[in-house]
Amino acid sequence: MNPKRILVVGAGHVGLYAALRLSKKLSSREAEVIVVDPQPHMTYQPFLPEASAGNISPRHSVVPLRRELRRCKVVAGAVTRIDHERKTAVVQPIVGPTREITYDHVVVAPGSVSRTLPIPGLHEHGIGFKTIGEAIYLRNHVLDRLDVAAATTDPEVRRSALTFVFVGGGYAGIEALAEMEDMARDALRYYPELEPSDMRWVLVEATQRVLPEVDRDMGAYTVQQLLKRDMDIRLDTRLESCVDGVVKLSDGDSFRSDTIVWTAGVKPSPMLDATDFPREERRRITCLPTLQVVDGDRVVEGAWSAGDCAAVPDLTKPPGDYCSPSAQHAVRQAHRMADNIVAVIRGREPVNYKHKHAGSVASLGLHKGVAQVYGIKMTGWPAWFMHRTYHMSRIPSFNRKVRVVVDWTLAFVLKREVVALGQLHDPREEFAEASQPRAKS
Ligand SMILES: Cc1cc2nc3c(=O)[nH]c(=O)nc-3n(C[C@H](O)[C@H](O)[C@H](O)COP(=O)(O)OP(=O)(O)OC[C@H]3O[C@@H](n4cnc5c(N)ncnc54)[C@H](O)[C@@H]3O)c2cc1C
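Residue numbers for the sequence shown follow UniProt numbering, so the first one is 1 and each next one is one higher.
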């Protein structure tokens, strides 16, 4: 028989794990696995707050695709269109013209993007927190603002530099806010010109609680901990505008800030608009519990999806509930999906995905955390320790695990680095200035 071609769109939590498992379980006579992603690495997103805070090296919070997926063909590019009727995807490589790839099975896993609102000034001044680039930019930016505040004599410039606004109180927002504040507070020991009370860290959350992934009392505990650190927590409040860096909130307050981080939820990848897959009202691809794409009650043969871009029924909850967008589900769905693709190729029946969400762990800075796992609630150091051990066990490959543990140990023994490398974001500036043709004098 001819080997089946399996095209994996996106090498994130779903794509990387699915491709790894498929390439291990299927021989080259049975299938070839092609993985398309514009990034050369998978980003382990739960480590972004720690990478941003300097506890983990950015390179160690990502997983290089070519190193891990040696038995797959990796294409550096973005899938821009899928015509499943013709079982054909259009790929835009990172360089050169587009090309078509035909397939027998497609794994659609491009994940999600930040869900934004048409808030004046947000497009110009806001930044998301979903990619390694954003996390490292934010780190350099926050440390750079400390330098600006220490150098200026203008109280307005100083206030704006030291005001940091985070919009959205899910785990991404809370962890990013808490880790960045912890890092900045740590850095202040080297800034005799600045006091911790000069900084203002603001959380803007539209609902009445934070961390909806855990029980209300754990959300309330988190708010208390952040308040103890003098953070400005605005619940039931929305960002209304941030034109020219002037933040206007729905409670009537208004102030300047150089830093506006948007972490208020995600929506499925817009790439799905250029496909012929069926989708539900939140624009996710409709799936069966087997991770097969389904149109009404017709299984779309050869199409599979999972993770943030897929509506997968949660069989541990009442009918009508879907799995939450989380790494926890994404990785487990990837395994189930890969096993199901192998089963279908070998003429067997696919099996339903069923996993009861174990709970959540969140870091609130060094030695601080909150966790609720299988109903057991933990706070402070034990929760933080659990956060680290859990994610260390989940990041793919032994190589990454060792590197992450070494980073943590070094930061513990030698203290973390708190230097801004903002030049990374504009590396040619100095050379361009030096090589500028000058008029002869
Ligand atoms: C800061 C942060 C912290 C988090 N912490 C936790 C946590 O503690 N616990 C937890 O369970 N979850 C956590 N999550 C959520 C979790 O990371 C996501 O739910 C998970 O990554 C979803 O996996 P995915 O494979 O669907 O998408 P992703 O992992 O985002 O992967 C999508 C991949 O598709 C690629 N791609 C996009 N478009 C295209 C295209 N057109 N063509 C080809 N490739 C494409 C992208 O480059 C990316 O590699 C966190 C998320 C963030 C942002």
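Where a beta carbon is used, it is the ideal one built from N, C-alpha and C, also for glycine.
Residue i vs residue j beta-carbon contact at 8 Å
i	j	result
Met180	Val148	no
Pro64	Pro40	yes
Ile56	Phe47	yes
Ala334	Val14	yes
Gly245	Arg256	yes
Leu177	Leu146	no
Val106	Arg99	no
Asp186	Val8	no
Ile132	Trp262	no
Leu226	Asp198	no
Trp408	Arg388	yes
Leu211	Thr222	yes
Trp201	Asp232	yes
Ser324	Pro49	no
Thr80	Thr102	no
Beta-carbon separation (whole angstroms), residue i vs residue j, contact threshold 8 Å
i	j	result
Val373	Met386	7 Å
Ala327	Gln45	7 Å
Thr275	His84	7 Å
Ala383	Gly369	4 Å
Leu20	Ile6	Actually they do not touch by this definition, with Cβ atoms about 12 Å apart.
Lys25	Val342	5 Å
Glu156	Ser360	40 Å between Cβ atoms; not a contact.
Ser52	Leu138	5 Å
Pro289	Leu315	6 Å
Alpha carbon of residue i to alpha carbon of residue j, nearest angstrom
i	j	result
Ile285	Cys309	6 Å
Leu117	Glu240	10 Å
Trp381	Glu175	15 Å
Val62	Asp154	40 Å
Arg66	Arg400	14 Å
Glu281	Ala411	45 Å
Ala31	Ala338	12 Å
Ser254	Lys248	4 Å
Phe164	Leu188	15 Å
His125	Gly111	24 Å
Ile376	Lys354	21 Å
Leu69	Pro396	11 Å
Arg403	His60	6 Å
Met42	His425	21 Å
Lys267	Val300	23 Å
Leu421	Asn140	6 Å
Gly10	Val331	13 Å
Phe398	Val405	11 Å
Asp104	Asp182	49 Å
Ala135	Gly54	10 Å
Arg216	Arg238	20 Å
Gly307	Tyr190	43 Å
Asp295	Ala371	38 Å
Trp304	Asp230	47 Å
Any chance the region 200-210 sits against the region 169-185, with 3 or more Cβ pairs inside 8 Å?
-> Contact between the region 200-210 and the region 169-185 is present, because at least three Cβ pairs lie under 8 Å.
Counting pairs of Cβ atoms below 8 Å between the region 72-79 and the region 87-107, do you hit three or more?
-> Two segments are said to touch when three or more pairs of C-beta atoms, one from each, lie closer than 8 Å; by this definition the region 72-79 touches the region 87-107.
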